[in-house]
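Be aware that the sequence shown starts at -7, since it is given in this note's numbering, and climbs by one per residue. The beta carbon of each residue, even a glycine, is placed where N, CA and C say it ideally should be. All values derive from a computational prediction rather than experimental measurement.
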Amino acid sequence: MANTTFPFRRDPEHPNLVVTRHPLLRHKVSLLRSASTSKKIFKELVDEIAMLLAYEVTADLQTTPIEVETPLAVTRGEKVMGERLTLVPILRAGLGMVDGVLELIPTMRVGHIGLQRDHDTLEPIDYYFKIPPDPEDSLFIVADPMLATGGSASAAVTFLKRSGARDIRLMCIVAAPEGVRKMQDDHPEVPVYAAALDSGLDENSYIVPGLGDAGDRLFGT
Ligand code: PRP
Ligand code: URA
């Protein structure tokens, strides 16, 4: 359904990464980073950024030709098979990106993967997994605002592959080089789309400069 060639604008250091540098995205990510951005605005920005990222992630989708009757004539049109697309937010922060993506592609199906990073070992622990049937026929877009060590995203992709998924992309807002490299090592065929590539991780594996804890800022915990 999607062509399998890797996206353009590849960084030789991170051949699996596409950073979308549209000025609107850069503007919105800057607002998102600010510690003074309120919970309400933070959620709105996450949705807007998710929508803009989804536009990029789906840029090479194949379309089916259709006939369209305009008020003046019959012409040729194109249709995207939205129901063959599955968005998989990683709970909980990934949930914050769902509304924005569905605004753009309302027919997209939604699966869920519940993963939480153990704050001592930093290992991802899975507590929920549910995806729609026929995973081999779907393009999966895994969504999580933060790609830090990459443990959660890599585990999510592993679980999806075990369930039969073959075509998987990862969409995040802020990525750390460590997480991008882990994805490259574990799942080199999975493109990673991000709105920003940050400097690195701090001693608690938070992304620096980052935006803090995305789940806490989204849900006010
Ligand atoms: C955050 C974030 C990612 C993960 C990234 O979730 O939303 O899922 O950490 O870190 P990693 O790349 O090192 O795995 P967290 O585990 O804090 O759970 P939450 O979404 O419930 O806040
Ligand atoms: N999870 C977050 O929410 N933020 C980080 O910086 C790292 C992991």
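Three or more beta-carbon pairs drawn from the segment 30 to 48 and the segment 162 to 177 are found closer than 8 Å, and the two stretches are therefore classed as touching. Taking the Cα of S191 as reference, the smallest distance to any Cα among K153, A148, T141 is reached at T141. Of the candidates I105, V66, P127, P127 places its Cα closest to the Cα of R158. When the beta-carbon positions are compared, M73 and T50 stay at least 8 Å from each other.
Residues of the same chain with a CB within less than 7 Å of the CB of G103, apart from the 5 flanking positions on each side, are T78, V80, K122, I123, P124 in chain order. Per the C-alpha coordinates, the member of A187, G202, G171 positioned closest to Y47 is A187. Cβ contact annotation for G156 (same chain, cutoff 7 Å, sequence separation greater than five): P127, E128, in chain order. Within its own chain, the residues whose Cβ lies closer than 8 Å to the Cβ of Y120, once the five positions on either side in sequence are excluded, are L83, H104, I105, G106, listed in chain order. Within the same chain, and ignoring the five residues on either side of H19 in sequence, no residue has its Cβ closer than 8 Å to its Cβ.
With fewer than 16 neighbouring CB atoms inside 10 Å of its own CB, A65 falls in the exposed class. In the three-state scheme derived from DSSP, where H, G and I count as helix and E and B as strand, L24 is classed as helix. Residues N8, L139, G142, A145, S146, V149, L162, V182, V184 of the same chain have their beta carbon placed closer than 8 Å to that of M175, with the five preceding and five following residues left out of the count. Its Cα nearest to that of L17, the residue L189 stands out among L189, R101, D118, P63.
Around the beta-carbon of T113, fewer than 16 other beta-carbon atoms lie within 10 Å, marking it exposed. In the DSSP secondary-structure assignment, V134 is bridged to V80, L162. Excluding residues up to 5 positions away in sequence, Q108, D110 lie with their Cβ nearer than 6 Å to the Cβ of I117 in the same chain.
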